[in-house]
Amino acid sequence: MVGGALELLDEGVTVFDAGLRLVAWNGRFAELLDYPAELLAAGTPYERFVRHNAARGEYGAMDAAGIETEVAARMAAARSFHPHRTRWVRPGGRVLELRGQPLPDEGGFVIFYSDITDLQHRQDEIERHKAELEAHIQRRTAELTAANAELTAAIEKNREITVALRYSEARLRQITDAIPAHIAYVDGSLAYRYANRRYAEWFGWTPARIVGQPVAAVVGPRLFEQVAEPLRRALSGEEVSYEYTLAGTPASADGGERHARSTLVPDFSPAGEVLGCFVHGVDITEQHRTRSAFAQAQKMEAVGQLTGGLAHDFNNMLTVVAGNLNELRGLRADDTVVAEYVEPALLAAGRGAALIRRLLAFARQQPLSPRAVAAGALIHGLTRLLRRSLPENIAILTTAGDPEPVALADPHQLESALLNLALNARDAMPNGGELRIAAGIETLTPAVAADLELASGDYVQISVADNGQGMDGSTLARAFEPFFTTKKANGGSGLGLAMVYGFVKQSGGGVRIRSRQACGTTVALLLPCAEGGDGAADEGLATAGDPARWLQGRMVLLAEDDAEVRRVVRQQLAALGCAVLEAESGDEAADLLETIPAIALLVSDVVMPGSLDGHALARFARGFRPGLPVILMSGYTDAAGSIGDDLAPPLLPKPFTREGLYAALARIAPAMPAGDGDGA
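Its first residue numbered 1, the sequence shown is counted upward by one per residue in full-length UniProt numbering.
As structure tokens, this is what we get:
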């Protein structure tokens, strides 16, 4: 009954009694362990099973002694009747699980044998897969850890690169902002992608706000019309340079015109496509001003040279004309018919001489006698003259700085220049207005002084302002040109402002003029400040002597290359009772000075042919005859000032009258040697 029940089990079963003898078993046990039939009998000792297993190598290879030892150990464990669970791997590889369970009251024990080979294989496979998975996980974990470390390092590197790029970009912007140039980048859609500080401020923007803005919105529609064509050419792949002018730009401190030169350089992609263009601009305002000033100076120089040459010849002719007319008038003083024709001719000659003086003033070649001039006193004296000359509907307002500014200039020429400006102001106010004359000290900055071609520093400024009609831009640009006038025919020579300009420049100063239509005009004369040692010549010399007395019977050497002028001057000198010795050149006059000791006075023209002009002849005379008085005649140069010291001979400007000659002689009368008038 029990055996039949045991056969129903899928496990092998053996039952041993307390004496460890086989009591029962099932077929599954015999199948699993493959015991011989003689062992499968009731009462077979447990020891025989153990020994059989040891002998066939169930517990591993061992010798006889080993077998005995193994059997003894296993029997000792069986006699303890303790529950146990063991795993038995047979030599063929089959895996059995043995579960021993003692019977109650130590009546033996029962052993269950389960074939777990497949289960073990599955577990081994699972363990193997698990180990492989764990190894793979460990490997992947190591790889991910390494990748994460690399990623972390890359992120840190990128952060460092980003910081470095930001620093580099900031440094590059700092450098481009420091470069004295306008730098920008315009893309193909004509929008700004970059602009340095100077470029942005040039158009009144900031570098941050200008990015993304269209070119037309930044530069304005008027300038965009000028630059549209260069931009089109640059975006078609051509490098383009051009110049442009901006009026009243934010970059201009005085709101005036600014000039720039720009170069557009195309930006090509690797495929040759034009992506945009780089803009490089330079402020050329100062160069433009210098260029304009140089061109103006060249024009003035050319006109001055032409004027000087014409003045010399024309003054010689006027000297002949006026001298002969004066002689004729003196000889026929009672002839009313002669007077009727001579007087208008003399007046015309005088006007011609005045016109030449204006030309010389413009050409900066007129003789000047600079001295310290108190501007306030000069204006005060001029005001009294103007009040009698201007209509009652023009009010005259004057101001002078405190302390009173003192200029270094020729007072007569300065007064004439201010009078000229005042009369121009009168003509600009036909319906009346205000004439304001002011004097003060003006400090010129280097930039302003450069525009006026002056050194920076303090200058005396005398301004003449009116609130009359004013001038438009084209008229203002030509205001100082000789012979340019807006007055009607016979209303003016066009030399007034040109004369003022030439006089002030010759005096070492400058002229500024501002004018707006319907608002008025202001002309400011800037003159050097007088130093402590500057002063006027002693005007008392003009009447110090009587030339008719000390020239009587003496010999005068007259050096003049123009025969007609020489004849007129000889007649004027001869009228004083002196003998006149003539020379046609400076070289001839020098020979006469060396051979004729009786020469008591030298009267010489400045411009003469040969190696000695009037200046050189005067220097020769001073060296050879230190006490010999000298008078120089000139049509356009300052002969006296060219000698080089305070004893420069007086200058007799051509054309001159007999009275002018006598006045010059009177100045040197004290220097004439005393004598008895016999010429010895």
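C-beta atoms are modelled at their ideal positions from N, C-alpha and C, and glycine is treated no differently.
Residue i - partner residues in DSSP beta bridges
i: Gln461; result: Gly440 and Leu526
i: Ala72; result: Paired residue(s): none; Ala72 is not in a bridge.
i: His182; result: Gly281
i: Ile394; result: Gly433
i: Asn16; result: Before going on, a small fix: residue 16 reads as Phe here, not Asn. Paired residues: Leu22 and Phe109.
i: Thr86; result: Leu98
i: Gly510; result: Leu526
i: Val580; result: Val556
i: Leu601; result: Val556
i: Ile631; result: Val603
i: Ala372; result: Leu408
i: Asp63; result: Answer by DSSP bridge pairing: none, since Asp63 is not bridged.
i: Val274; result: Phe268
i: Pro45; result: Arg21
i: Val240; result: Leu264
Contacts around residue i, its chain only, beta-carbon distance under 7 Å, and the 5 residues preceding and following it disregarded
i: Glu404; result: Ala374, Ala375 and Gly376
i: Ala489; result: Residue placement at Ala489 is flagged as unreliable, the pLDDT there being 45, under the threshold of 50; the coordinate-derived value follows with that caveat. No residues qualify anywhere along the chain.
i: Val568; result: Thr319, Val320, Gly323 and Asn324
i: Ala78; result: Leu20 and Tyr46
i: Leu32; result: Gly12, Leu96, Tyr113 and Asp115
i: Gly433; result: Ile394, Asp466, Asn467 and Gly468
i: Val89; result: Val95
i: Gly100; result: Pro83, His84, Phe109 and Ile111
i: Ala65; result: none
i: Val448; result: none
Within 8 Å, strictly: CB atoms of residue i and residue j
i: Leu581; j: Leu592; result: yes
i: Leu526; j: Leu419; result: no
i: Gln267; j: Gly276; result: Residue 267 is actually Asp in this sequence, not Gln. Yes, Cβ-Cβ distance for Asp267 and Gly276 is below 8 Å.
i: Tyr192; j: Ile210; result: yes
i: Gly457; j: Gly520; result: no
i: Ala181; j: Arg197; result: no
i: Gly27; j: Glu58; result: no
i: Thr285; j: Arg258; result: yes
i: Gly623; j: Met608; result: no
i: Leu390; j: Arg332; result: no
i: Leu454; j: Gly510; result: yes
i: Leu96; j: Ser114; result: yes
i: Pro370; j: Ala417; result: no
i: Val500; j: Leu421; result: yes
i: Pro207; j: Ala200; result: yes
i: Ile631; j: Ala666; result: no
i: His515; j: Gly470; result: According to the sequence as given, residue 515 is Ser; it is not His. Yes, they are a contact pair.
i: Met62; j: Ala73; result: no
i: Tyr459; j: Leu476; result: no
Own chain partners of residue i with C-beta closer than 8 Å, once the 5 adjacent residues on each side are dropped
i: Asn326; result: Leu346, Thr657 and Arg658
i: Ala30; result: Gly12 and Leu40
i: Tyr185; result: Tyr192, Arg193, Tyr194, Ala195, Asp267, Gly276, Cys277, Phe278 and Val279
i: Leu612; result: Ser585, Gly586, Asp587, Ala589, Ala590 and Phe620
i: Leu397; result: Glu434, Leu435, Arg436 and Ile437
Nearest-angstrom beta carbon gap, residue j and residue i [assumed within contact, 8 Å]
i: Ile85; j: Val71; result: Note on residue identity: the sequence assigns Arg, not Ile, to residue 85. At roughly 21 Å, the Cβ-Cβ gap does not stay under 8 Å, so Arg85 and Val71 are not in contact.
i: Leu601; j: Val556; result: 5 Å
i: Leu378; j: Leu414; result: 7 Å
i: Gly220; j: Val274; result: So it is not a contact: roughly 25 Å between Cβ atoms.
i: Ala465; j: Thr522; result: 4 Å
i: Leu190; j: Val215; result: 5 Å
i: Asn629; j: Ile668; result: Position check: residue 629 holds Pro in this sequence, whereas Asn was assumed. Yes, Pro629 and Ile668 are in contact; Cβ-Cβ is about 4 Å, under 8 Å.
i: Ala589; j: Ala563; result: About 15 Å; that fails the 8 Å criterion.
i: Asn316; j: Val603; result: With 8 Å as the limit, Asn316 and Val603 do not qualify as a contact, their Cβ atoms being about 15 Å apart.
i: Leu652; j: Gly660; result: 6 Å
i: Ala5; j: Leu22; result: 17 Å between Cβ atoms; not a contact.
Cβ-based neighbour list, residue i, same chain, cut-off 6 Å, excluding 5 preceding and 5 following
i: Thr263; result: Ser241 and His280
i: Gly108; result: Phe16, Asp17 and Ala18
i: Val406; result: Ala372, Ala374 and Ala530
i: Ala524; result: Gln461, Ser463 and Arg512
i: Phe480; result: Leu497, Ala498 and Tyr501
i: Ala579; result: Met555
Min CB distance residue i to chain D below 8 Å
i: Ala422; result: Annotation note: the requested chain D is absent from the structure, which comprises a single protein chain.
Worksheet entry | the region 496-507 / the region 438-451 touching (three or more Cβ pairs under 8 Å) | In short, these stretches do not touch, since the Cβ pair count stays below three.
Discussion item. Does the contact criterion of 3 or more C-beta pairs under 8 Å hold for the region 10-28 versus the region 43-50?
Written reply: In this structure the region 10-28 lies against the region 43-50, because at least three pairs of beta carbons, one per stretch, are closer than 8 Å.
Item to complete: Tell me, please, whether the region 146-165 touches the region 123-131 by the rule of three or more beta-carbon pairs shorter than 8 Å.
Response: They do not touch, by the three-pair rule.
Discussion item. Would you call the region 136-146 in contact with the region 112-121, where contact means no fewer than 3 C-beta pairs closer than 8 Å?
Written reply: Judged by Cβ distances under 8 Å, the region 136-146 makes no contact with the region 112-121, as fewer than three pairs qualify.
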